[in-house]
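Colleague:
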Amino acid sequence: MVSFSTGFADKMRERLKKYEEADRTEVSAKVKVVVDKLDDLASTRGRNPHSWSADENGPSPLEYFISALGLCQCVHYAEHAAASGIRLESLRIEINGDFRVTRPRNLKKLEYTVLIQSPEKLDVIRELALKASADCYVTQTLKRACEVRGHLLLNGVDIGEIF
């Protein structure tokens, strides 16, 4: 059986009341997540300045949802880099989203930035970025639902959009 404390129920009622008020006008908000690739198996997701452990509140479902874009692309960056012998010192994907708070609640736009530190040549990393984006089910699916734009930074230098 699922049970809720009185405090939680009150908090949710207040939240729903705010949503009802927001439904009368166009209200948008922003969300941001960061995904870091740690090694060939692990990726982490965080929201600064917080970190999560078993006794803390976790990310919102929307943050989990848009994190999937970064996590999926990290898998594809890793598979292509490993298969091609491409050296990556670090790989981070930051995702910012605009979404409708009012009904119909949906994502309006996702913008992600891929930050790579690598000794590899620019054309090698650009090709890697194009492959990772093209192979990512999440990215390709989200492009059918909302505007999705990717950007690449290599060693702190803005390389441009990822198509």
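Each residue of the sequence shown is one higher than the last, beginning at 8 in my numbering. Virtual Cβ for every residue (Gly too), placed ideally from N, Cα, C. Please read these numbers as outputs of a predicted model, since none were measured by experiment.
(1) May I ask you to report which of helix, strand or coil DSSP gives LEU129?
(2) Using the C-alpha atoms, what's the distance from ARG20 back to PHE72?
(3) May I have the straight-line CA-CA distance separating LYS128 from GLY77, to the nearest angstrom?
(4) From ALA152 to GLN124, what distance separates their C-alpha atoms?
(5) Tell me whether SER74 is buried or exposed, calling it buried when 16 or more other Cβ atoms sit within 10 Å of its Cβ.
(6) According to DSSP, simplified to helix, strand and coil, what is GLU33?
(7) State yes or no: is the C-beta of LEU98 within less than 8 Å of the C-beta of CYS79?
(8) When the Cα of ALA29 is compared with those of VAL145, GLU86, ASP142, VAL108, which residue comes out closest?
(9) Following the continuous beta strand (DSSP E) through SER97, name the residue where it begins and the one where it ends.
(10) Name, in chain order, the residues that DSSP records as bridge partners for ARG156.
(11) Report yes if the C-beta distance between LYS116 and GLU86 is below 8 Å; otherwise report no.
(12) Applying the criterion that 16 or more other CB atoms from any shown protein chain within 10 Å of the CB defines a buried residue, is THR146 buried or exposed?
(13) Could you check what DSSP says for LEU45 in three-state terms: helix, strand or coil?
(14) Go ahead and label VAL164 buried or exposed: buried means 16 or more other beta carbons lie within 10 angstroms of its beta carbon, across all protein chains shown.
(15) Are the CB atoms of LEU69 and VAL41 nearer to each other than 8 Å?
(16) Within a Cβ cutoff of 8 Å, which residues of the same chain sit near GLU27, ignoring the five residues on either side of it in sequence?
Modeller: Here's the rundown:
(1) helix
(2) 24 Å
(3) 23 Å
(4) 31 Å
(5) buried
(6) coil
(7) no
(8) VAL108
(9) 97-107
(10) GLU118
(11) no
(12) buried
(13) coil
(14) exposed
(15) no
(16) none
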